[in-house]
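Read through the structure below, which is laid out as structure tokens, and then see the notes.
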Amino acid sequence: MSEENFAGNIIVNLASLPDFLRTPILKKRMIEFDSKSESEKTEIINNALEAGPSIPFLNFAKLFKSWLKIIASISEEHREGMFLAYITQSLRSP
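Our numbering runs 7 ahead of the 1-based position in the sequence shown.
Printed below as a string of structure tokens:
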């Protein structure tokens with residue numbers, strides 16, 4: 008992962024934090040995602056997907072569990088927008 012992958016670096020660091028620190032930070036970042044421009048969203052998604060394989064499995068599992076809990080707690084509109092952005096970018100760059 009390159010030094011310019013700020014979103015990826017944040018994700019790697021979040022994965023190693025304990026739940027009580029990881030969850031509020033991740034939730035804040037996920038809520039901020041909605042206010043980003045399309046180009047910023049694309050960059051964040053690409054960086055996040057690039058960072059994933061570099062996270063040890065147990066840390067990734069904890070991060071994914073936190074992510075699912077947060078996804079369940081946010082509005083349907085926000086959740087739909089986030090999934091749409093990730094799916095669209097994944098289709099553009101598989």
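Built from N, CA and C at the ideal position, the CB exists for glycine as well.
- Taking all protein chains in view, the Cβ of S100 is surrounded by fewer than 16 other Cβ atoms within 10 Å, so the residue is classified as exposed.
- Of all alpha-carbon atoms in A22, L70, A58 and R29, the one lying nearest the alpha-carbon of G15 is that of A58.
- When C-alpha distances from P31 are compared across S46, L65 and K76, the shortest belongs to K76.
- In the same chain as F67, and ignoring 5 residues on each side of it, the C-beta atoms closer than 8 Å to its own belong to A22 and G59, in chain order.
- When only Cα atoms are considered, K48 and W74 end up about 17 Å apart.
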